[in-house]
Amino acid sequence: MKRNVLFCLIFLILATSFMSNISYAKENYQVKLPKVNIGIIYEGDDNFNLKLKNSVEEEILQILSEEYQVEFSEFKADNLAVQNIVIDKLLSNQEIDIIIPAGILSSYTVINRDNLTKPVLAPFLIDSQILSIKENKSGIKNLNFITSSSIVERDIKVFKELIDFNKVTFIISRNFTQGVINLPKLLKVDGEKNNVEVDYIYADNSKEDIIRELDKVEVAYLSPLVTASKRSILLDELNKRKIPTFTLADMINDEGILAGYSHNKAINVRARATALNLELILAGKEAGNLPVYIDKSDEELVINMKVAKEIGVLPNWNLLKSAKLINQDDLGRERLTLKESLNIAINNNLDLEAKIKDLDIAEDNLKQAQNKKRPNLDLNTTYTQVDETRAAKGMASEQKLTGGIKLQQVLFSEDANANIEIKEKLYKQQKLQLKQEKLDLVLETIKSYINTLKARADIRLQEENVKLTKDNLNIARTKHEIGATGPADIYRWESQQSVELSRLSETESQLKMVKDNLKRILNLPLTADIRLEEVSTADISQKLVDKFDVKNPWELEDISSRLIKESIKNSPEIAGLDYLIEVKEREYLMKKRKFYLPQVGLSAQYDTYLEEWGIDGPAGVDAHGEDEWSIGIQASFPLYDGGDKQVELAKVEKEIEQLKKKKESLLKKVEQNLRNKVIAANTEYRKNMYSQEAVNTAYKSLELVRDAYSKGLVSISELLDAQSAVITAKRQEFLTNYNYLIAVAEVQRALGNFDIINIK
């Protein structure tokens, strides 16, 4: 025991010593790394400016953290005057090694400086036209910046394709026009290239002045340098006037901006280029000789379809295919859940309404049968006129009016009794047929609803596929620009992009068709705009949520056996057939009783003379007589009808046997159907689990292959295969998920009820 304790103590001492040495070595390694203190200028605490700052800092740390001890000294400067003070301070501060203005205005502020005493990197210069650059470098000592060509000119051209206009109003801050030399002149040139007049509104003006100036605005181009409070005021007023608004900053879904280019990738690329250039500067390269251009092809046009529809703008096919469309689901005026759709279908479906009329007719038939046992009462009047000769002889009055009443009542009729019972059973059988029709309609609605969700998911997947292809096309262009490959890969990706856009058009058409089918089922106008909510297994059935998560076939068989009893008990098809058998059995009894039961009826009649006119007969002669009445009971019994009663009895007996055989067959079909649906649901459940794993694996593979492709290690065919594998896996994922939901709904239909809606 003591030996074990001693051994443990020695082990702990050695382990502690080993870990201390590792910690000391790590600290010693960190101390030996050269320090770099970077002065960061950022322009505000809003999301946009923080995104610019954070992206630069993250990329620098990712690239330099293993070679340098990087420290950031952050300075907030949200206007031109403060920025100049901060820049002067940083240039004179001996502890600051590098200056990075991580904002748009501050990037322009530093490039107007002369005699920079330390390296300055400006990542966010919007447009190279302002700079008059002749080579891919700044040519100024200690200055490097990152820019791209003709952003504003491109934006105006694309926006003009989206909506035709003659004048664009730039909403900018005064700081921006002061910080960027000749900005108004350069924007005017960009407008003239697109045959567009250019105007300005300064966001620094008072709210009243801004609102007054908006009256002359045709379309607005919103600068990212507008403060959040002014931006909110501007957008409220622009949206009230339904003025199309474009933006240079990234769009937010609910802001009401019509269109703009997404710069998320561009921001990351600029930050990465800044970090790489910084690494070269620290390695001894001159900042003024480092590259400044980046490719802007990664930027993606974003169109807010909700705003587009509200202001009556319809993008053309070219823009619809190439742009990212947001808020498409918000286009529908009517937002539908699955439960709401089912209620609409039950209340509105035309086929179901026709079936309800069948039930009404069956009810009327029952009433007619019941009326056969109620009394019939007839009232009659008769007017007669005879010639004068007969009237004079006293045979009758010349003119007279008589009246009478007649009563008939069935006292006993086997035919009438049987007919009432038969019509009652047929009415109940018709109610079951209506229930069956409702169950089928619910299943059809669920399938149509989910098929619409499938088509919508397929569009999103195809949009992702187009995006992946576009990203790969940009990689191919980059490889071509640096001389790593020829143009063949570019042509191949451009061809692939056309194929994917064509497939996207097909999926859009498919969505329209399946959505129209759903609207037909719901009896909504085919032009109606509807938006569907997503569904889960719990939405369709609470009790079947985890029913198909079974571990082995025997457990699945046990579930099937228990559900079969419920299916047979609730089946309207079986219950309806039972009623038909009862109808034939009652008909058989009626025909059998015809051999010995008579039909008995009561008949009574009363007639009276109401009035007479004209010539009367001789005195003392009664021309009209006394009132008349009669009453009687009649029983009838057919003795012989040529043998028809025997034939009819035998025929009905055979029809009963036929229906019983049909029921026996139907029971087996119901059992088989239930088992098949349970197996299908279990299969889709397991496929759904596997498909989720396949997606994760496919994405990992794609990232590896894409990285290898960018380095020239694999061919374009391998990247195409990897991309295709991702799309196939994702399509399989949502298909198996939706197919599982349909399979659960089909199990419920086989069980004869749905949890989501009560079928009466």
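In this text, residue positions in the sequence shown follow UniProt numbering: the first is 1, and each later residue adds one.
Note that the Cβ used here is the ideal one computed from N, Cα and C, for glycine as well.
Q.
Let's see if you can read the secondary structure: which residues bound the beta strand (DSSP E) around ILE257?
A. The sequence position of residue 257 within the sequence shown is 257, counting from 1. ILE257 -> no beta strand (DSSP E), and no H or E assigned at all.
Practice prompt. Within its chain, find whatever has a CB closer than 7 angstroms to the CB of LYS160; leave out the 5 residues flanking it on each side and keep chain order.
Written response: Your numbering for residue 160 matches position 160 in the sequence shown. Result list for LYS160: ASN194 and VAL196, in chain order.
With DSSP run on the structure shown, which of helix, strand or coil describes residue 761? The requested residue 761 is not part of the displayed model; the chain covers only 1 to 760.
Do you know offhand how far LYS700's Cα is from GLU464's?
-> In the sequence shown, the residue the question calls residue 700 occupies position 700. In the sequence shown, the residue the question calls residue 464 occupies position 464. The alpha-carbon atoms of LYS700 and GLU464 are separated by roughly 16 angstroms.
Hey, could you find the ends of the beta strand (DSSP E) ILE172 is sitting in?
-> As a first step, residue 172 must be located in the sequence shown, where it is residue number 172. Counting along the chain, the beta strand (DSSP E) containing ILE172 begins and ends at 167-172.
Item checked: CA-to-CA distance, THR478 to LEU674, given in whole angstroms -> Taking the sequence shown and counting its residues from 1, the one referred to as residue 674 is at position 674. Taking the sequence shown and counting its residues from 1, the one referred to as residue 478 is at position 478. Each residue's Cα considered, the two are about 58 angstroms apart.
Cα-Cα separation, LYS425 to LYS651: As a working note, residue 425 is residue 425 in the sequence shown. As a working note, residue 651 is residue 651 in the sequence shown. Distance between the alpha carbons of LYS425 and LYS651 is about 20 angstroms.
For PRO224, which of VAL217, ASP215 and LEU234 has the nearest alpha-carbon? To locate residue 224, count along the sequence shown from 1; it is residue 224. Nearest of VAL217, ASP215 and LEU234 to PRO224, Cα basis: LEU234.
Sorted by chain position, which residues of the same chain lie with C-beta nearer than 7 angstroms to GLY103's C-beta, five sequence neighbours on each side aside? Within the sequence shown, residue 103 is the residue found at index 103, counting from 1. Closer than 7 angstroms at the Cβ level, and outside the excluded window around GLY103, lie ILE41, TYR42, GLU43, ASN49, LEU52 and PHE124.
*Is DSSP giving ILE446 helix, strand or coil here?*
Position 446 of the sequence shown, counted from the start, is the residue given in the question as residue 446. The answer is helix: DSSP assigns ILE446 an H, G or I state.
Original post:
Is it buried or exposed for ARG270, if we count other Cβ within 10 angstroms and need 16 for buried?
Top reply: Here residue 270 corresponds to residue number 270 of the sequence shown, with the count starting at 1. The residue in question, ARG270, is buried, as its Cβ has 16 or more Cβ neighbours within 10 Å.
query = Roughly how many whole angstroms lie between the Cα atoms of LEU407 and THR608?
reply = For this step, residue 407 is matched to residue 407 along the sequence shown. For this step, residue 608 is matched to residue 608 along the sequence shown. Cα to Cα, LEU407 sits roughly 15 angstroms from THR608.
Cβ neighbour criterion (16 or more within 10 Å) applied to GLN672
For the purposes of this step, residue 672 is identified with residue 672 of the sequence shown, where counting begins at 1. Looking at its Cβ environment, which holds fewer than 16 other Cβ atoms inside 10 Å, GLN672 is exposed.
Item checked: Per-residue DSSP class, three states only, for PHE75 -> In the sequence shown, residue 75 corresponds to position 75, counting from 1. The answer is strand: DSSP assigns PHE75 an E or B state.
Check your understanding: CA-CA distance, GLU533 and ILE201?
Key -> Within the sequence shown, residue 533 is the residue found at index 533, counting from 1. Within the sequence shown, residue 201 is the residue found at index 201, counting from 1. Spanning the two alpha carbons is a distance of roughly 41 angstroms.
Taking the runs of the beta strand (DSSP E) that are 3 residues or longer, which of them lie wholly in the region 272-335?
300-304 and 324-326
Reduced DSSP category for PRO487 - H, G, I as helix; E, B as strand; rest coil: Sequence index remark: in the sequence shown, residue 487 carries index 487 (1-based). Three-state result, PRO487: coil.
**Prompt:** What separation, rounded to the nearest whole angstrom, lies between the Cα atoms of ASP351 and ILE267?
**Reply:** The residue labelled residue 351 in the question sits at position 351 within the sequence shown. The residue labelled residue 267 in the question sits at position 267 within the sequence shown. Taking the straight line joining both Cα atoms gives about 57 angstroms.
*asked:* Within 10 Å of its beta-carbon, does LYS677 have 16 or more other beta-carbons around it, so buried, or fewer, so exposed?
replied: Locating residue 677 in the sequence shown gives position 677, where the first residue counts as 1. Flag for LYS677 reads buried.
query: Of the residues SER65, GLU67 and SER106, which one's Cα is nearest the Cα of ILE85?
result: By 1-based counting over the sequence shown, the position of residue 85 is 85. Nearest option by C-alpha distance: SER106.
request  = Would you list, in sequence order, the uninterrupted alpha helix (DSSP H) runs of no fewer than 4 residues that lie entirely inside the region 87-139?
outcome  = 104-111
ask   = So is ASP489 buried or exposed if we call it buried at 16+ other beta carbons inside 10 Å?
value = Locating residue 489 in the sequence shown gives position 489, where the first residue counts as 1. Answer is buried; the Cβ neighbour count reaches 16.
- Item | Simplified DSSP assignment, three categories, for TYR261 | For this step, residue 261 is matched to residue 261 along the sequence shown. Strand.
Could you check whether the region 581-591 touches the region 650-668, counting it as contact only if at least three pairs of C-beta atoms, one from each stretch, sit closer than 8 angstroms? yes
In whole angstroms, give me the CA-to-CA distance for GLU557 and ILE757.
As a position in the sequence shown, residue 557 is number 557, starting the count at 1. As a position in the sequence shown, residue 757 is number 757, starting the count at 1. Approximately 28 angstroms, taken between the alpha carbons.
Rounded to the nearest angstrom, what separates ALA15 and LYS32 at their Cα positions? Numbered from 1 along the sequence shown, position 15 holds the residue referred to as residue 15. Numbered from 1 along the sequence shown, position 32 holds the residue referred to as residue 32. At ALA15 the pLDDT is 49, less than 50, meaning the model places this residue with poor confidence and gives no usable figure here.
TYR383: first and last residue of the uninterrupted beta strand (DSSP E) it sits in
Taking the first residue of the sequence shown as 1, we reach residue 383 at position 383. 376-385 is the span of the beta strand (DSSP E), which, as asked, contains TYR383.
* Classify PHE637 as buried or exposed, calling it buried when 16 or more other Cβ atoms lie within 10 Å of its own Cβ. => Your numbering for residue 637 matches position 637 in the sequence shown. Its Cβ having fewer than 16 others within 10 Å, PHE637 is exposed.
Between which two residues does the beta strand (DSSP E) holding GLU657 run? Within the sequence shown, the letter at position 657 stands for residue 657. Careful: GLU657 lies outside any beta strand (DSSP E), inside the alpha helix (DSSP H) at 644-710.
Using the DSSP secondary-structure output, state which residues sit across from ARG531 in a beta bridge.
For the purposes of this step, residue 531 is taken as the residue at position 531 of the sequence shown. ARG335.
Are the beta-carbon atoms belonging to ILE243 and ALA220 less than 8 angstroms from one another? Locating residue 243 in the sequence shown gives position 243, counting from the first residue. Locating residue 220 in the sequence shown gives position 220, counting from the first residue. Yes; because the gap between Cβ atoms is below 8 angstroms, this pair is in contact.
**Prompt:** Does DSSP classify ALA635 as helix, strand or coil?
**Reply:** Sequence index remark: in the sequence shown, residue 635 carries index 635 (1-based). ALA635 falls in the strand class under three-state DSSP.
Whole-angstrom Cβ separation of LYS438 and ILE759, contact assumed at under 8 angstroms?
Looking up residue 438 in the sequence shown gives position 438. Looking up residue 759 in the sequence shown gives position 759. Contact flag correct, Cβ pair sits at about 5 angstroms.
message = What does the alpha-carbon distance come out to for the pair LEU319 and PRO553?
response = Along the sequence shown, one-based indexing puts residue 319 at 319. Along the sequence shown, one-based indexing puts residue 553 at 553. LEU319 and PRO553: Cα-Cα distance of roughly 52 angstroms.
| query | Using the rule of at least 16 other Cβ atoms within 10 Å of the residue's Cβ for burial, across every protein chain shown, is ILE631 buried or exposed? | reply | Working through the sequence shown from its first residue, we reach residue 631 at position 631. Classification for ILE631: exposed.
TODO: In angstroms with no decimal places, state the Cα-to-Cα distance between SER229 and ASN451.
DONE: Counting from one through the sequence shown, the residue named residue 229 turns up at place 229. Counting from one through the sequence shown, the residue named residue 451 turns up at place 451. If I take the Cα positions, the gap works out to 44 angstroms.
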